[in-house]
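A short write-up of the structure that comes next.
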Amino acid sequence: MLSLLDATISTSFEEGSEEAKPLRCIRVSFTRAPVELVAITFENYYVAALSISHTHARSIEAPVRGTHTSGRDPTWTTVLPEIPLMADSNREDDAQAHHEILGSQLSEAFDRRRVSTLRLECRQPSTSFRDFELRKLRFYTLSEVECAPAPARPP
Numbered sequence: 170m171l172s173l174l175d176a177t178i179s180t181s182f183e184e185g186s187e188e189a190k191p192l193r194c195i196r197v198s199f200t201r202a203p204v205e206l207v208a209i210t211f212e213n214y215y216v217a218a219l220s221i222s223h224t225h226a227r228s229i230e231a232p233v234r235g236t237h238t239s240g241r242d243p244t245w246t247t248v249l250p251e252i253p254l255m256a257d258s259n260r261e262d263d264a265q266a267h268h269e270i271l272g273s274q275l276s277e278a279f280d281r282r283r284v285s286t287l288r289l290e291c292r293q294p295s296t297s298f299r300d301f302e303l304r305k306l307r308f309y310t311l312s313e314v315e316c317a318p319a320p321a322r323p324p
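With my numbering as the guide, the letters of the sequence shown map in order to residues 170 to 324.
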């Protein structure tokens, strides 16, 4: 059974240069890190492409439990190279579709059983859609299901 993970989410926006695409970064710090990440779900709102990175350093705003290296920017490792969320970044056809990313889709080198912080990079190169984001962003793990003991067998 899937269980919703508690996380702190912060967003930043970078306009980018003529060569670079506008970028919205979503930083996710899990409250009870490290956690096992099984799935990510969201509703797209005009994000053309998405990539995901991770670090073991926690954000300064998140509760510190000995894992944040203060005074140094974290090192990010890509766990999901850029994937398209829209077939055409200039058309609205699939711009508000629901998406699910399973842990099995992430890099094999990524230990999804020990996740502390993620960075989701949302890109939208089209000037037609200046407002873009991921909505209803949810992160899931497997929950332990308590089973009732099996009834005793009669003698």
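C-beta atoms are modelled at their ideal positions from N, C-alpha and C, and glycine is treated no differently.
Asked	Found
Compute the distance between the beta-carbons of Arg288 and Arg201, then report whether it is under 8 Å.	no
On a Cα-Cα basis, can you pick out the residue from Thr286, Arg299, Cys291 that is closest to Val204?	Thr286
Sort out for me which residues DSSP pairs Thr246 with in a bridge.	His223
So, for Gly272: in the same chain, excluding its five sequence neighbours on each side, which residues have a beta-carbon less than 7 Å away from its beta-carbon?	Leu206, Val207, Ala208, Arg281
What separation, rounded to the nearest whole angstrom, lies between the Cα atoms of Tyr309 and Leu174?	5 Å
Do Leu303 and Phe211 have their CB atoms nearer than 8 Å?	yes
How many Å lie between Ile221 and Glu290 at the Cα?	6 Å
If we ignore side chains and look at the alpha-carbon of each, how far apart do Asp257 and Ile270 end up?	20 Å
Which same chain residues, not among the five before or five after Pro250, have their C-beta less than 7 Å away from its C-beta?	Ser220
For Glu302, which residues does DSSP report across the bridge?	Tyr214
Only counting the same chain, and skipping five residues up and downstream in sequence, which positions put a Cβ closer than 6 Å to that of Leu311?	Val207
Would you decide whether Ser198 is buried or exposed? Buried here means 16 or more other CB atoms lie within 10 Å of its CB.	buried
Around the Cβ of Gln265, are there at least 16 other Cβ atoms within 10 angstroms (buried) or fewer (exposed)?	exposed
Using alpha carbons as the reference points, say which of Pro253, Pro191, Leu306, Val284 lies closest to Trp245.	Val284
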